[in-house]
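Chains as they are written, first to last, in numbering that gives the first Met the number 0: chain A, 0 to 458; chain B, 0 to 570.
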Amino acid sequence: MHKILEFQVVVLAAGKGSRMPDVGGSVSKCLLPVGPYPVLWYPLNMLEKIGFQDVMIVVLDEDKSNILNALEKCPLKIKYELIVIPSEEDWGTANSLKHVSARINTDLLVISGDLITNINLNDVLNLHRKHDACVTTLFFNNGPEEWIELPGPKTKSKPDRDLVCIDKETERLVFLASASDFEENVTIPRLLVKKYDALSIYSRLLDAHVYVMKHWILDYIVDSEKFTSIKGEVVPYIVKKQLTKPNNLVEKKGTSEKNAEINKGIFDYAIETGYERKIREISAYNDHKHGNKGVYFNDTLRCYAHIPSKNTFAIRVNTLSSFYLSNNKILSKWQDLTGSSLFERFHPNSEVKTKQIDDNCTVGEKTIINEKTSVKNSFIGSNCNIENKVRLTNCILMNNVTIKESCVLQDCVVYTGATVGTNCSMQYCLIGPHHLVPESTKSNHQLHAETTDNMITLG
Amino acid sequence: MSSNEIPPKSRDEIKAARQAKKAAKLKVNNKTTENPQLTKEIENLNENNINSKPKVESTDEVDKSVVINPNAVDISTSREQIKADRAAKKSAKQLKKKGAADGESNVQSSVKKELKEDDSVKQNEDMTVKDVVETLKNIVSVAKEVNEITTKQEETGKSKAELRAERRAKQEAQRAAKQAAEKKVVKPKLEAPTVNVDVPKKEEKVIKSKTLEKSKTKLQLAQRFNWFQHLYTEFDKNPLKKIPINSNLHPAIVKLGVQLSSRVVKGSNARCIALLDALNKMVRDYVLPAKTEFSRGLESHLASSLEFLWTTREPCASQINAVKFFRHHLAQLPNNVDEFDAKKTLQEEIDRYIREQIEMAGEAISIAVRNKISNGDTILTYGCSSLIEQILCEAWEAGLQFRTLVVGSRVSPDAAEMLRRLCARGLPCTYVDFTAVNYVMKTVSKVVLGAGALLANGAVVSAAGTAGVALAARARNRPVLVACHTHKFIDSLYTDAFMHNQIGDPDDLLEKSDDNSPLKDWRSNLNLTPLNLTYDVTPPCLITAVVTELAILPCTSAPVVLRFKLSEYGV
Numbered sequence: 000m001h002k003i004l005e006f007q008v009v010v011l012a013a014g015k016g017s018r019m020p021d022v023g024g025s026v027s028k029c030l031l032p033v034g035p036y037p038v039l040w041y042p043l044n045m046l047e048k049i050g051f052q053d054v055m056i057v058v059l060d061e062d063k064s065n066i067l068n069a070l071e072k073c074p075l076k077i078k079y080e081l082i083v084i085p086s087e088e089d090w091g092t093a094n095s096l097k098h099v100s101a102r103i104n105t106d107l108l109v110i111s112g113d114l115i116t117n118i119n120l121n122d123v124l125n126l127h128r129k130h131d132a133c134v135t136t137l138f139f140n141n142g143p144e145e146w147i148e149l150p151g152p153k154t155k156s157k158p159d160r161d162l163v164c165i166d167k168e169t170e171r172l173v174f175l176a177s178a179s180d181f182e183e184n185v186t187i188p189r190l191l192v193k194k195y196d197a198l199s200i201y202s203r204l205l206d207a208h209v210y211v212m213k214h215w216i217l218d219y220i221v222d223s224e225k226f227t228s229i230k231g232e233v234v235p236y237i238v239k240k241q242l243t244k245p246n247n248l249v250e251k252k253g254t255s256e257k258n259a260e261i262n263k264g265i266f267d268y269a270i271e272t273g274y275e276r277k278i279r280e281i282s283a284y285n286d287h288k289h290g291n292k293g294v295y296f297n298d299t300l301r302c303y304a305h306i307p308s309k310n311t312f313a314i315r316v317n318t319l320s321s322f323y324l325s326n327n328k329i330l331s332k333w334q335d336l337t338g339s340s341l342f343e344r345f346h347p348n349s350e351v352k353t354k355q356i357d358d359n360c361t362v363g364e365k366t367i368i369n370e371k372t373s374v375k376n377s378f379i380g381s382n383c384n385i386e387n388k389v390r391l392t393n394c395i396l397m398n399n400v401t402i403k404e405s406c407v408l409q410d411c412v413v414y415t416g417a418t419v420g421t422n423c424s425m426q427y428c429l430i431g432p433h434h435l436v437p438e439s440t441k442s443n444h445q446l447h448a449e450t451t452d453n454m455i456t457l458g
Numbered sequence: 000m001s002s003n004e005i006p007p008k009s010r011d012e013i014k015a016a017r018q019a020k021k022a023a024k025l026k027v028n029n030k031t032t033e034n035p036q037l038t039k040e041i042e043n044l045n046e047n048n049i050n051s052k053p054k055v056e057s058t059d060e061v062d063k064s065v066v067i068n069p070n071a072v073d074i075s076t077s078r079e080q081i082k083a084d085r086a087a088k089k090s091a092k093q094l095k096k097k098g099a100a101d102g103e104s105n106v107q108s109s110v111k112k113e114l115k116e117d118d119s120v121k122q123n124e125d126m127t128v129k130d131v132v133e134t135l136k137n138i139v140s141v142a143k144e145v146n147e148i149t150t151k152q153e154e155t156g157k158s159k160a161e162l163r164a165e166r167r168a169k170q171e172a173q174r175a176a177k178q179a180a181e182k183k184v185v186k187p188k189l190e191a192p193t194v195n196v197d198v199p200k201k202e203e204k205v206i207k208s209k210t211l212e213k214s215k216t217k218l219q220l221a222q223r224f225n226w227f228q229h230l231y232t233e234f235d236k237n238p239l240k241k242i243p244i245n246s247n248l249h250p251a252i253v254k255l256g257v258q259l260s261s262r263v264v265k266g267s268n269a270r271c272i273a274l275l276d277a278l279n280k281m282v283r284d285y286v287l288p289a290k291t292e293f294s295r296g297l298e299s300h301l302a303s304s305l306e307f308l309w310t311t312r313e314p315c316a317s318q319i320n321a322v323k324f325f326r327h328h329l330a331q332l333p334n335n336v337d338e339f340d341a342k343k344t345l346q347e348e349i350d351r352y353i354r355e356q357i358e359m360a361g362e363a364i365s366i367a368v369r370n371k372i373s374n375g376d377t378i379l380t381y382g383c384s385s386l387i388e389q390i391l392c393e394a395w396e397a398g399l400q401f402r403t404l405v406v407g408s409r410v411s412p413d414a415a416e417m418l419r420r421l422c423a424r425g426l427p428c429t430y431v432d433f434t435a436v437n438y439v440m441k442t443v444s445k446v447v448l449g450a451g452a453l454l455a456n457g458a459v460v461s462a463a464g465t466a467g468v469a470l471a472a473r474a475r476n477r478p479v480l481v482a483c484h485t486h487k488f489i490d491s492l493y494t495d496a497f498m499h500n501q502i503g504d505p506d507d508l509l510e511k512s513d514d515n516s517p518l519k520d521w522r523s524n525l526n527l528t529p530l531n532l533t534y535d536v537t538p539p540c541l542i543t544a545v546v547t548e549l550a551i552l553p554c555t556s557a558p559v560v561l562r563f564k565l566s567e568y569g570v
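Quick look at the structure:
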């Protein structure tokens, strides 16, 4: 039976991790380990769980083979297809979408590759279906991020904030802007105040980067060529355009065909083929109480934002703190997030010789943990070698890490291929990829990496 | 006399003896499978019988014809014995159960506890098995006596007396068995509680927790109004969370399902058009599988789509008729039809249906009603109906001067929506709540109502409250016109709103603006059962006339319209 797909999924996993600390060398954001699997596995698993069978994953050229290797080792039934974009050019998310647009012929679900959440995506899709929306987004209102002492040098990073304005009753998204665009005052269009009797303005929402869009929006993005980022440009533009009325048809007829082609606005894409307008007119439903406007204020463009209840778990692994926090919480939320229990905490091909390893640890393939080591609350990647008399507490070890004898590591993140020399003692440290930490180093809140800037902080 | 009478008796007796043997064998076989202990007892019994036989024979060797009798009697008694045995065992078992039950009832716990009482029951069993053996022995002795008596009687040849004696013996044996069983089961009953005391406490806890769980489900069940239990399939919003993604259903169908369920598409005309629109899109995108007839392939696809849609909301009359119409045209497609042509035909038919049955019919009704409205009238209408809106707006635009009274209930926002739409077109309107209907009715000149469905008996199914308005109009003797497309006529009939109805969202009953509403957490209050019915049925006697696109009819001519449509459109 030939299927008519309702949504096609694009997972954006080509992020370079610009909000992560620079540890020298390249670390692909979507392959950061969270628990036993890379970050990218979680959105894919979520999609699989609610019933999607195919996804397209947009990845950077240089990461493709790594990602393929990593995903092969994860339990996934969903069919995925990697779509490569060049690493050198700094493509935005909208550019990536343009790149895949030829393969998309239905409505579109765009998900960021670094989202870990237990929300039922059907809620978002149903909101989209219910109002026949053009864009539906997902925000989380989970309060400020938990404070946690982070490894690495102390920084004062200011998280990006968005101003999100939502009509609470209908979940209509009416205003969206980045907080950094404003200095002191925020001006909200007068029309909004006129339209809605109550609006909720949020500034601390976590944007999940989940977008459900109509197919014509993609056409518009492709044709207009002025967008580079979905979140930064496309969605705010459409949200803003909700307020304007489509131009009069009469005016257009006056202009020549060529001009019409150039001036094709967003409203020319939003064409309904069936009886949608008539159904809206005669259905007794209305989404607002006051005023004499019809349903949806007769708007053709409608954007919605779903905000799930406060106790849903959601995290975007795009900063060091969220990365560290997600690892901290992943095992306690495992059942909730993945819908299955974690059977193999230690990979069958690993050699765990010590008995002092607690239940909150995972060990990857071909990793050797020697005797007389103590491992607590730590995630250890594959091909690692942990020698005798090592103590690890709250650590994250990526692949190919070697920890020499008698080291004591607490709350550290050790990147791929790093080696820690014998008798080191480290607290809250970041150890960059392929870095070699000399013997008997003692440090606290330091970054050990190959970059020249940070060499000063060593010792 | 005696010599003549004896042979037939003996024959009968021989037959009886054979049957008894067979039966006895069968029963013995059955029992061997049942319980080894019992079979032993039965063997004992048989031994006893065998033992008893020679005695009898020895005493009764006088007459050969009589010799047969003792055997027959013997065997028949053995059968009776077995019967008696079984009866005794049954009664013993029942008593055992009773005893157990009594014991439990003493400790105030239910019958289900037997599981953990197994140990004590086993003890009981041991006891009772002994008892049974004893009672059986008793029975055997009784049977011996019976034999003796019967043999003596047989000597005298009193056959009727024999039978009576046998019956008495049976009864006696059963009584004895019962009494014996009772006595001996009573003892363990007394003993049992001492053993059981510790166990039930734990069980009570278990049961308590179980009852808690049950009470949770009961809580949900209890908050369903008793008379309408059969209607509660809706507002079980879980199906929406489990909508299959990218399944065989067409996206338009899935979207419509969500919209129907969330009441974004409501009103029978809107639902009908939305359904046809979704079907139209489904037909457009349908790809015929290889080696399938178009109509059959699409029919199965349609069936699964409709199954999904009806789980989101029960179909209304207009939707049922639309589906009937679609199926009719689908079935009429020739077998060898080209896919493209078939799609084109179906899409054209759908468009035609919407145009003729809804749009043009609406215009015809609008004109018919407009002719009945005169200047200076006050028109009362209830709830929101797209057709009434069209009628009133067009009448206003045609220059008629009239006033509109919109009546609404607090529960549904429909009437407010109607008011908004009329006001937006500049009609002079008044809004009153349903409670004030009787008061304003004296100022009204005509009542115009919309309909959800018109039944074969002329009753109108419409938004809850319509019947009340019609009744109020009747009391004041005001004409009640029901405007209804013929595509909403349906050939089923019911006289009340109990059998077929829909349960609305109970949360609609709440005053949302009031945070201190006592109804706020009704879900946790078991004694509170909100009931929000969607439809009611207005009986034909309250309706003056039905305005259809065909004519203005008395509503009792609904069957005529149905017949006409059948002959005209085949649907």
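Where a beta carbon is used, it is the ideal one built from N, C-alpha and C, also for glycine. Quick caveat: nothing in here was measured; it's all calculated off a predicted structure.
Taking a cut-off of 8 Å for Cβ pairs, the stretch 370-380 of chain B and the stretch 341-351 of chain B do not touch, as fewer than three such pairs fall below it. DSSP places A:A313 in the uninterrupted beta strand (DSSP E) bounded by A313 to R315. The stretch 259-275 of chain B makes no contact with the stretch 75-83 of chain A, as fewer than three CB pairs between them are under 8 Å.
Across the stretch 290-319 of chain A, CB contacts with chain B closer than 9 Å involve G290, N291, K292, G293 and V294, in sequence order along the chain.
Between A:L396 and the set A:I229, A:I368 and A:D180, the nearest pair of CA atoms involves A:I368.
Near chain A, meaning a CB-to-CB distance below 7 Å, the residues of the stretch 239-267 of chain B are L239, K240, I242, P243, I244, N245, N247, H249, P250, V253, K254, V257, Q258, S261, R262, V263, V264, K265 and G266.
Counting C-beta atoms within 10 angstroms of its own C-beta, A:C383 has 16 or more neighbours from the protein chains shown and is therefore classed as buried.
For A:L114, no CB of chain B lies under 8 Å from its own CB, so it is not counted at the interface with that chain. Beta-bridge annotation (DSSP): A:V412 is paired with A:I395 and A:L429. Legend: CB atoms of the stretch 119-133 of chain A lying less than 8 Å from CB atoms of chain B belong to residues N119, N121, D122, L124, N125, R128, K129, H130 and D131. Contact annotation: B:I364 and B:A482 have beta-carbon atoms nearer than 8 Å. For the stretch 408-432 of chain B, the set of residues with a beta-carbon nearer than 8 Å to any beta-carbon of chain A comprises P412, D413, A415, E416, M417, R419, R420, C422 and A423, in chain order.
With respect to A:N44, A:F312 sits apart: the two C-beta atoms are not nearer than 8 Å. Cβ proximity to chain A below 7 Å picks out C383 and S385 from the stretch 377-398 of chain B. Chain B has a Cβ within less than 8 Å of the Cβ of A:A283. In the three-state scheme derived from DSSP, where H, G and I count as helix and E and B as strand, B:N334 is classed as coil. The beta carbon of A:Y195 sits closer than 6 Å to those of D166, all from its chain and outside the five residues before and after it, given in chain order. For B:I364, not one C-beta of chain A is nearer than 8 Å to its own C-beta. B:L454 carries a coil assignment under DSSP once its states are collapsed to helix, strand and coil. In the DSSP assignment, B:F293 falls within the alpha helix (DSSP H) that extends over F293 to T311. For A:R128, the uninterrupted alpha helix (DSSP H) segment begins and ends at N121 to H130. Not a single C-beta of chain B is nearer than 8 Å to the C-beta of A:F139. Neighbours of B:D276 in chain A, taken as residues at a C-beta separation under 9 Å, are given in chain order as G273, Y274, E275, K277 and I278. Taking a Cβ-Cβ cut-off of 7 Å, the neighbours of A:I49 in chain B comprise I244, given in sequence order.
Contact annotation, A:L319 with A:C133: C-beta distance approximately 36 Å; criterion of less than 8 Å not satisfied.
When the beta-carbon positions are compared, A:L46 and A:I66 stay at least 8 Å from each other. A check of alpha carbon separations from A:H434 across A:N398, A:Q409 and A:K129 identifies A:N398 as the nearest. B:A273 reaches chain A at I278, counting residues in chain order whose Cβ is nearer than 7 Å. When the Cα atoms are used, A:A178 and A:S199 turn out to be separated by approximately 16 Å. Residue pairing by DSSP puts B:R402 in a beta bridge opposite B:T377. For B:Y534, the beta-bridge partners assigned by DSSP are B:A462.
If you ignore the 5 residues before and after B:L530, its C-beta comes within less than 7 Å of the C-beta of F224 and F227, all in its own chain and listed in chain order. Secondary structure at A:F342: coil, using DSSP grouped into helix, strand and coil. For B:T543, same chain residues with a beta-carbon under 7 Å away, outside a window of 5 residues either side, are P478, V479 and L480 in chain order.
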